[in-house]
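For the sequence shown, full-length UniProt numbering begins at 1 and goes up steadily by one.
Structure, as structure tokens:
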Amino acid sequence: MGQALLKEVPKLEEWPHFSGEGEYEHMKFIRGINMIKEDFELPDRLVTAIFNTLFTRSAHRWYIKLRQEHGHQSWTRWKTQIIKK
């Protein structure tokens, strides 16, 4: 990923956030992350590193629990977990 492209990545407050509430919010969150990841050619490690900020309320508690149990996981693995929940 080039430095010029990295400078264009949206600020954290512009990324989709996920509270774990609302029937279809999880799919909207996944689509939003997928688009940013693809548009800016972001590696999984960078995307998943900011989940502590992007997950809120009950989703944040859920994220912390899974992260402590399983450690760092790929975006593909997190998508699967989000859809399963």
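Beta carbons: idealized from backbone N, C-alpha and C, even for Gly.
**Request:** Report the three-state DSSP secondary structure of Phe51 (helix, strand or coil).
**Result:** helix
**Request:** Express the C-alpha separation of Asp39 and Trp75 in angstroms, rounding to a whole number.
**Result:** 15 Å
**Prompt:** Does the separation of the CB atoms of Ile82 and Ile30 fall below 8 Å?
**Reply:** yes
**Item:** Nearest-angstrom beta carbon gap, Gly20 and Arg57 [assumed within contact, 8 Å]
**Value:** 6 Å
**Request:** Apply the 10 Å Cβ neighbour rule to Ile50 and answer buried if 16 or more other Cβ atoms are within range, or exposed otherwise.
**Result:** exposed
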